[in-house]
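Quick notes on the structure that follows.
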Amino acid sequence: MDDLNTLATLLAAPEPSPEAAERSLRRLQRRMRRPARPRHMAWPAAGLGLAAAATAAVLLLPGAVEPTATPNGPPAAAVRLTGGQILLAAATTAARASEGSGAYWYVRTRSDGGDAFESWTARDGRTRVRGEKTAGRTVELGPRTSFRLGGLPVDFDRLEKLPAEPDALTAWIADGVARGDITTSAGRLDAAGQERAVLTGLVSLVSQLPASPEVRAAAFRALAGHPGVESAGAAGGGEALRIPAGDGEPVRLVVDPATSRVRGTTFYVTADGAEVTAERPVTIEARWTDAAGDGG
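Using our numbering, read the sequence shown as starting at -13 and increasing by one per residue.
Rendered as structure tokens:
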């Protein structure tokens, strides 16, 4: 484990380069594939890939230290990532993801009760939906702006031009929310409502909007810096997180840092622009597809 400790020291910079991240991940994955030696801690076989990726993330995050075991002593404690570290690890993975392509942006949500809702959005804004409200039929919505970002109407072109740096991205959303005519059933947004809109906008970018890998990575990093982010342990194929949202209910996410996928969220926006806050995380899938109305 000496070389791991050395890596932890060398890579304790705030923002390691993608090349350094890639080299460290490959090196750790090679080590994970070697036979375990006596008296050395071995990762369980299940979830080996995630363990390697998570370990790499720890080494690349400031202040993270790899635990060590002493000869003839008890096993070292397992690494426990903080909420911010989980989001930063997801950001590193997101930045290396491919752009993706297709004729439609496909989003599927499934509630805790099993009800599923699907949407297919073409680049011209035409959207088809299917779910319980359509009796299982695929129907086309009327003309509308493609997506909502923190309550702001945005289309594919606008999403492609978003800043790919955390502070600039947050500032862009905050400025748009402050200038926009965003209203709810309670009226225009107050300061707390605007703060929540910025947070939910970042959540939408990582969970359901067709953002570029660079913008998704920036959104993950912005969420990692949000005050009070907490880890709630493993859940639903990822890591459960709790993110305070001003005076409202906290947003809870389930994030897989090895793939950067958001597997569950208590906040999402429906195809017709309605914002939903669920009591429990709904499962969510978002990706490009060339087929519309056949399940993606």
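All residues carry an ideal CB built from backbone N, CA and C; glycine is no exception.
query                                                                                                                           : result
Inter-stretch contact at 8 Å, needing at least 3 Cβ pairs: the region 148 to 165 / the region 179 to 197                        : yes
7 Å CB neighbourhood of A89 in its chain, flanking five on each side removed                                                    : A108, D276
Environment of R116 [buried if 16+ CB atoms lie within 10 Å]                                                                    : buried
I229 to P236 span [Cα, whole Å]                                                                                                 : 5 Å
Simplified DSSP state of P199, which is helix, strand or coil                                                                   : helix
Closer than 8 Å to chain C by CB, R144                                                                                          : Absent from the structure is chain C; it holds one protein chain and no more.
G100 beta carbon less than 8 Å from that of L136                                                                                : Looking at the sequence itself, residue 136 is Gly, so the reference to Leu does not match. No, they are not a contact pair.
Beta strand (DSSP E) runs wholly inside the region 192 to 278, at least 3 long, in chain order                                  : 216 to 221, 224 to 231, 234 to 242, 247 to 255, 261 to 275
Contacts around L227, its chain only, beta-carbon distance under 8 Å, and the 5 residues preceding and following it disregarded : G69, I72, L73, V215, E216, S217, A218, R238, L239, V240, V241
CA-to-CA distance, I168 to P30, given in whole angstroms                                                                        : Caution is warranted here: a pLDDT of 35 is assigned to P30, below 50, making its placement in the model unreliable, and the coordinate value is therefore given only provisionally. Straight-line Cα distance between these residues: approximately 49 Å.
Cβ-based burial, R249 [other Cβ within 10 Å; buried from 16]                                                                    : buried
L34 versus S87 - alpha carbon distance                                                                                          : Because L34 carries a pLDDT of 36, less than 50, the predicted location of this residue cannot be relied on, and the following value inherits that uncertainty. Cα to Cα, L34 sits roughly 30 Å from S87.
Cβ contact check for the region 123 to 130 and the region 257 to 269: 3 or more pairs under 8 Å                                 : yes
Residues near P267 in its chain [Cβ-Cβ closer than 6 Å; skip 5 each side]                                                       : R238, V240, G250, T251, T252
First and last residue of the uninterrupted alpha helix (DSSP H) at L155                                                        : 152 to 165
Spatial distance of A154 from A121 (CA atoms)                                                                                   : 43 Å
For R66 and R112, the rounded distance between their alpha carbons                                                              : 44 Å
A205 to A197 span [Cα, whole Å]                                                                                                 : 10 Å
A244 versus A75: straight-line alpha-carbon distance, rounded                                                                   : 8 Å
N-terminal and C-terminal residue of the beta strand (DSSP E) that G69 is part of                                               : Run containing G69: none in the beta strand (DSSP E); it sits in the alpha helix (DSSP H), 69 to 81.
Beta-ladder partner(s) of R96, from DSSP                                                                                        : A102, T269
Cβ-based burial, G224 [other Cβ within 10 Å; buried from 16]                                                                    : buried
When E271, A272, H212, A203 are compared against R82, the one with the closest alpha-carbon                                     : A203
Nearest to A272 (by Cα), restricted to the options T170, G222, F103, G211                                                       : F103
Nonlocal neighbours in the same chain, by C-beta distance under 8 Å from R247, ignoring five residues either side               : G224, V241
Distance, R114 Cα to P48 Cα                                                                                                     : Residue confidence is low: P48 scores 46 on pLDDT, short of 50, so the model does not pin down where it sits. No coordinate-derived value is stated.
Contact set for T156: own chain, Cβ-Cβ below 6 Å, skip 5 residues either direction                                              : A208
Beta-carbon contacts of R94 that lie in its chain and below 6 Å, excluding the five residues immediately before and after       : E104, E271
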